[in-house]
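Heads up: the sequence shown is residues 5 to 69, going by the numbering used here.
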Amino acid sequence: MDTEYVFPTTRYQGSKVKLRSWIWENIKDISFDTALDLFGGTGCIGYMLKNKGKNVIYNDILKFN
5 MDTEYVFPTT RYQGSKVKLR SWIWENIKDI SFDTALDLFG GTGCIGYMLK NKGKNVIYND
65 ILKFN
């Protein structure tokens with residue numbers, strides 16, 4: 005599943021939005037169905053993984069999110 009995704013822009017220090025393709029390139033060959041996004045922030049990594057057909061468990065305690 006190689007679907008183009010659009011994610012709303014939320015700028016804050018620590019955002020992983022610019023790391024999405026690097027993260028995917030480094031985990032795409034690992035066999036997994038579910039990912040834990042422990043420091044989810046804006047949710048951009050979880051959103052990317054959902055679009056790749058993965059189950060995502062999201063967590064973040066930062067009040068901003």
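Positions of the beta carbon are idealized from the N, C-alpha and C atoms, including for glycine.
By how many angstroms is the C-alpha of residue 27 removed from the C-alpha of residue 35? So the alpha carbons of these two residues sit roughly 15 Å apart.
Cα separation between residue 1 and residue 64? It is not possible to answer for residue 1, since the shown part of the chain is limited to 5 through 69.
So, with DSSP's three-state summary, where would you put residue 49? Residue 49 carries a helical assignment under DSSP once its states are collapsed to helix, strand and coil.
Beta-carbon proximity list for residue 33, same chain, < 7 Å, skipping 5 on both sides: No residues qualify anywhere along the chain.
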